[in-house]
């Protein structure tokens, strides 16, 4: 098998593979499940492998690079113009194979595990910030139902909510006080 370029459509369980030789002739078109992907790639001669930037792409790129392959990750928006027909896994793999060989294609740098860990930190922090904002807005909305208005912002909420909960003169029912507290 004289495969020189491979496009892989990554998925959770079944991966579509499309490979061509140096003349662009299709020599590989298959689907492999997750445990069989790396052993299959390991038995291939070193070649150019392309995949879309998605969940798991950096992991697979690092693993395939260890096997001696030249692995490139492409943003999905740059693959789309090379898709010849409807979007499915096999057509995506073919489009990736076509796109990865283009001379002016822009690629996503392969991230190290440490770089990905830092990204995890940022994503978790962003998620926690969104959750905090949603919770503050929910409390503001619930208190507004009782005519108790809190200005926007977490600092205003941090200052006003305890004041409202401790104020026995407002019309906030005990059940609402317990739930908000």
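Numbering (the numbering used here), first residue to last: 604 to 784. Note that CB positions come from ideal geometry on N, CA and C, so glycine has one too. Computed from a predicted structure; not experimentally measured.
Three-way DSSP call (helix, strand, coil) for residue 711 in this model = Working through the chain shown from its first residue, we reach residue 711 at position 108. If DSSP states are grouped into helix, strand and coil, residue 711 belongs with the strands.
Uninterrupted alpha helix (DSSP H) stretches inside the segment 664-706 (no shorter than 4 residues) | 679-682 and 692-703
Taking 8 Å as the cut-off, decide whether the C-beta atoms of residue 577 and residue 644 are in contact.
-> For the chain, the structure presents residues 604 to 784; residue 577 sits outside this window and is missing.
May I have the straight-line CA-CA distance separating residue 701 from residue 617, to the nearest angstrom?
-> As a working note, residue 701 is residue 98 in the chain shown. As a working note, residue 617 is residue 14 in the chain shown. Each residue's Cα considered, the two are about 21 Å apart.
Hey, is the segment 661-673 in contact with the segment 711-727, meaning 3+ C-beta pairs nearer than 8 Å?
-> yes
Within this structure, are the beta carbons of residue 722 and residue 660 separated by less than 8 Å?
-> In the chain shown, the residue the question calls residue 722 occupies position 119. In the chain shown, the residue the question calls residue 660 occupies position 57. No, the pair does not count as a contact, with Cβ atoms beyond the cut-off.
8 Å Cβ shell around residue 760 - same chain, five flanking residues per side excluded | Looking up residue 760 in the chain shown gives position 157. These residues qualify, in order along the chain: 739, 742, 743 and 753.
Shorter than 8 Å from the beta carbon of residue 758 to some beta carbon of chain C?
-> The chain labelled as chain C is not found in the depicted structure, where only one protein chain is given.
Give the single residue among 637, 636 and 607 whose Cα lies nearest to the Cα of residue 626.
-> Here the question's residue 626 lines up with position 23 in the chain shown. Closest option to residue 626, Cα to Cα, is 607.
For residue 763 and residue 776, the rounded distance between their alpha carbons = Mapped onto the chain shown, residue 776 falls at position 173. Mapped onto the chain shown, residue 763 falls at position 160. Answer to the nearest angstrom: the Cα atoms are 17 Å apart.
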